[in-house]
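So the sequence lines, in the order shown, correspond to chains G and B.
Under the numbering used here, think of the first position of the first sequence as 1, with each following residue one higher.
Under the numbering used here, think of the first position of the second sequence as 1, with each following residue one higher.
Protein chains: 2
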Amino acid sequence: MTSRVAVIGLGLMGGSLARALKRLDEPPFVLGSDLTAGRGDLARAAGAVDELCERPLDAVATADVVVYATPLPVTLDLLGQHLEGFRPDALVTDVASLKGPIKERIVALGLSAQWVGAHPMGGAEQSGFEASRADLYAGARVWLTAAVGDHPMGPRSEALWRSVGGVPAWTDADAHDARMASVSHLPQLLANALAAALAEEGLLRGDLGPGGLDMTRLAGSSPDLWLPLLEASAHRLAPALRELAGSLDDLADVLDSHDLSAVQTFMARTRAWKEHDEWG
Amino acid sequence: MTSRVAVIGLGLMGGSLARALKRLDEPPFVLGSDLTAGRGDLARAAGAVDELCERPLDAVATADVVVYATPLPVTLDLLGQHLEGFRPDALVTDVASLKGPIKERIVALGLSAQWVGAHPMGGAEQSGFEASRADLYAGARVWLTAAVGDHPMGPRSEALWRSVGGVPAWTDADAHDARMASVSHLPQLLANALAAALAEEGLLRGDLGPGGLDMTRLAGSSPDLWLPLLEASAHRLAPALRELAGSLDDLADVLDSHDLSAVQTFMARTRAWKEHDEWG
Numbered sequence: 001m002t003s004r005v006a007v008i009g010l011g012l013m014g015g016s017l018a019r020a021l022k023r024l025d026e027p028p029f030v031l032g033s034d035l036t037a038g039r040g041d042l043a044r045a046a047g048a049v050d051e052l053c054e055r056p057l058d059a060v061a062t063a064d065v066v067v068y069a070t071p072l073p074v075t076l077d078l079l080g081q082h083l084e085g086f087r088p089d090a091l092v093t094d095v096a097s098l099k100g101p102i103k104e105r106i107v108a109l110g111l112s113a114q115w116v117g118a119h120p121m122g123g124a125e126q127s128g129f130e131a132s133r134a135d136l137y138a139g140a141r142v143w144l145t146a147a148v149g150d151h152p153m154g155p156r157s158e159a160l161w162r163s164v165g166g167v168p169a170w171t172d173a174d175a176h177d178a179r180m181a182s183v184s185h186l187p188q189l190l191a192n193a194l195a196a197a198l199a200e201e202g203l204l205r206g207d208l209g210p211g212g213l214d215m216t217r218l219a220g221s222s223p224d225l226w227l228p229l230l231e232a233s234a235h236r237l238a239p240a241l242r243e244l245a246g247s248l249d250d251l252a253d254v255l256d257s258h259d260l261s262a263v264q265t266f267m268a269r270t271r272a273w274k275e276h277d278e279w280g
Numbered sequence: 001m002t003s004r005v006a007v008i009g010l011g012l013m014g015g016s017l018a019r020a021l022k023r024l025d026e027p028p029f030v031l032g033s034d035l036t037a038g039r040g041d042l043a044r045a046a047g048a049v050d051e052l053c054e055r056p057l058d059a060v061a062t063a064d065v066v067v068y069a070t071p072l073p074v075t076l077d078l079l080g081q082h083l084e085g086f087r088p089d090a091l092v093t094d095v096a097s098l099k100g101p102i103k104e105r106i107v108a109l110g111l112s113a114q115w116v117g118a119h120p121m122g123g124a125e126q127s128g129f130e131a132s133r134a135d136l137y138a139g140a141r142v143w144l145t146a147a148v149g150d151h152p153m154g155p156r157s158e159a160l161w162r163s164v165g166g167v168p169a170w171t172d173a174d175a176h177d178a179r180m181a182s183v184s185h186l187p188q189l190l191a192n193a194l195a196a197a198l199a200e201e202g203l204l205r206g207d208l209g210p211g212g213l214d215m216t217r218l219a220g221s222s223p224d225l226w227l228p229l230l231e232a233s234a235h236r237l238a239p240a241l242r243e244l245a246g247s248l249d250d251l252a253d254v255l256d257s258h259d260l261s262a263v264q265t266f267m268a269r270t271r272a273w274k275e276h277d278e279w280g
């Protein structure tokens, strides 16, 4: 069973995982490490980590589960740096929201037997330990993927995420990343684009109603965390953006021609999808 | 002072207003009317109305405040039908989210001296009395407008909305409607367009994380309520949609050319707007 968990990166994702683990009836010993000044101390003061390690490698060395909750490029770097440091029986996992780049690195490093990647779809537009909370993963879908089929560490990985309230499901890294371009990256850039359009007109968040607030909340997301994701996703995201742009142009045409029945049909179909998961 | 309020239309907006009024320390007598079968009975059973009138005109006749919370075209019709029915000292108001078409009708009917229009920016993608709640307007901006400057019934109108937690502010009907095209209608159609794109790919709401859920919530809005608004707003909305489509195409180009610093700048500016109401 899991008894010593190393959480590398104590921001929103890692901090929330550490908090949740320490709330379990039989909590594991949690080692934490974060290179952002002061963040580790915050996490220790909050009771989210038992032992704070200045060097991530020191947290890794004695853990039976190692979780990377660092930005994508940092995780890719650390995996290589820590290659000799893992216990041979340790589960190595990560929470990156794209699994393809991590899987590729894992395979290149010969770590496939120890790695089960995870993407918990809890999140927020805030970042940092200050934004973390023990219930971030409650009810959240957690996508799991591995570089080999029927991974022997699969059950341990599932149990880890279930223990903090997540709902694990297995996926293929490529299929997962394609889906993320649609369900995560596209909405993110739409929120940015809408916010930019409103800002250009001199409108403020305070001018918005509840719907407009929902539609611009993601504009607060961290550019630093998003850039590597957008870069890795660019080949899928660019066509998706163009397709959406085309449908906005079509809508504009329909409005110009006052073809209200087309708008009615369009809204009714999307409403059916939203309310009943049906696309009429 | 306000002692008898007629609420015409007991859906989300009217139902919430009636509920809130009946929770006041000194609640007015609330007359309600709604042509949707069963809705009035729901409102009476919930204690939101004291007297239910089958014909809207009967609710209007004895009221010192008449609130139209019906869809835009219905409000336009009823104003004409009720013209002879208002008490001469009654404040006539409405909650339509576009003020220009209502103002035009009011002027044509010679009702300017009795009308102060309102647009409370509380709302939800749900509709109907079932979705109403007493705190819908708590903290909500309520735009007020009139067909004459410094309207003598302005203070009564402000007091009405303040009593249910709203934050009144005065605006010009045209300027208001132009702003709504940006802050309300554009986000609405964006949510529909994103939902349609996801649906076309076979993705369900359950596939989304918190951000994607926020960005598609409005797709559940009622087409019937929205069509008249979109039609009245079409001349402003179509250009806004095309401009947004253009910025999505630009983003796609930037991603294709892997010009990540441009994306970084773009996201940082929208984040500054979101977090600090600043457009860098």
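Here a beta-carbon is modelled for each residue, glycine too, at the ideal position from N, C-alpha and C.
**Report entry** 8 Å Cβ cutoff, B:Gly122 in contact with chain G
**Finding:** yes
Query - Proximity to G:Val49 [Cα-Cα], best of G:Ala6, G:Pro155 and G:Gly128 - result: G:Ala6
Query raised in the report: Is the region 253-265 of chain B touching the region 162-175 of chain B, taking contact as three or more C-beta pairs under 8 Å?
Result: no
Query raised in the report: From B:Asp224 to G:Ser112, what distance separates their C-alpha atoms?
Result: 54 Å
Query raised in the report: Quick one: what does DSSP say B:Asp207 is sitting in, helix, strand or coil?
Result: helix
Query - Boundaries (first-last residue) of the alpha helix (DSSP H) holding B:Trp226 - result: Pro223 to Asp256
Report task. Quick one: give me the first and last residue of the beta strand (DSSP E) that B:Val116 is part of. Result -> Val116 to Pro120
Query raised in the report: What did DSSP end up calling G:Asp41 once you bin it into helix, strand or coil?
Result: helix
Query - Proximity test, Cβ basis, 8 Å: G:Glu231 and chain B - result: yes
Query raised in the report: So G:Ile8 and G:Val95 are in contact, right, with Cβ under 8 Å, and what is the actual spacing, rounded?
Result: Wrong, their Cβ atoms sit about 10 Å apart, outside the cutoff.
Query raised in the report: Based on Cα-Cα distance, which residue from B:Leu76, B:Gln81 and B:Ala46 lies nearest to B:Arg55?
Result: B:Gln81
Query - Inter-residue Cα distance where the pair is G:Ile106 and G:Pro27 - result: 28 Å
Report task. Using DSSP bridges, identify the partner residues of B:Ala282. Result -> Given a span of 1 to 280 for chain B in the structure shown, any question on residue 282 of chain B remains unanswerable.
Query raised in the report: Got a sec: is the Cβ-Cβ distance from G:Thr270 to anything in chain B below 8 Å?
Result: yes
Query - Interface flag, G:Thr93 vs chain B, CB-CB below 8 Å - result: no
**Report entry** Where G:Ser182 falls, given that 16 or more other Cβ within 10 Å makes a residue buried
**Finding:** buried
Query raised in the report: If the cut is a Cβ gap below 8 Å, which residues of chain B does G:Met13 touch?
Result: Within 8 Å Cβ-Cβ: nothing; G:Met13 doesn't reach chain B, min ~12 Å.
Query raised in the report: Less than 8 Å separating the beta-carbons of G:Leu57 and G:Gly32?
Result: no
Requested in this report: Please confirm if B:Glu130 has its CB atom under 8 Å from at least one CB of chain G.
Outcome: no
Query raised in the report: For chain G, is any of its Cβ atoms less than 8 Å away from the one on B:Phe29?
Result: no
Query raised in the report: Do the region 209-226 of chain G and the region 245-252 of chain G make contact, defined as three or more Cβ pairs closer than 8 Å?
Result: no
Query raised in the report: In terms of residues, what are the limits of the alpha helix (DSSP H) holding G:Pro187?
Result: Leu186 to Glu200
Query raised in the report: Is the number of C-beta pairs between the region 143-163 of chain B and the region 29-48 of chain B that are closer than 8 Å three or more?
Result: no
Query raised in the report: Using a Cβ-Cβ distance under 8 Å, would G:Lys274 count as near chain B?
Result: yes
Requested in this report: Could you please tell me which residues of the region 188-204 of chain G, in chain order, have their CB closer than 9 Å to any CB of chain B?
Outcome: Gln188, Leu189, Leu190, Ala191, Asn192, Ala193, Leu194, Ala195, Ala196, Ala197, Leu198, Ala199, Glu200, Glu201, Gly202, Leu203 and Leu204
Query raised in the report: Would you call B:Thr36 buried or exposed, if buried means 16 or more other Cβ atoms sit within 10 Å of its Cβ?
Result: exposed
Query raised in the report: Any idea if G:His276 is buried or exposed, counting beta-carbon neighbours within 10 angstroms, 16 or more meaning buried?
Result: exposed
Query - Proximity test, Cβ basis, 8 Å: G:Ala118 and chain B - result: no
Query raised in the report: Of all the CB atoms in chain G, is at least one closer than 8 Å to the CB of B:Asp58?
Result: no
Report task. Name the one or two DSSP bridge partners that G:Pro168 has. Result -> G:Val142
**Report entry** 8 Å Cβ shell around G:Ala232 - same chain, five flanking residues per side excluded
**Finding:** Leu72, Leu98, Gly100, Pro101 and Asp177
Requested in this report: List the residues of chain G that B:Arg217 touches, going by C-beta distances under 8 Å, in chain order.
Outcome: Gly211, Asp214 and Lys274
Query raised in the report: Name the chain B residues whose beta carbon is nearer than 7 Å to that of G:Trp226?
Result: Met267
Report task. Give the DSSP bridge partners of G:Leu91, in chain order. Result -> G:Val65
Query raised in the report: Which value, in whole angstroms, describes the spacing of the CA atoms of G:Ala219 and G:Ala197?
Result: 12 Å
Report task. Would you mind giving the Cβ-Cβ distance between G:Ala140 and G:Met121, rounded to the nearest angstrom? I have them listed as a contact below 8 Å. Result -> 5 Å
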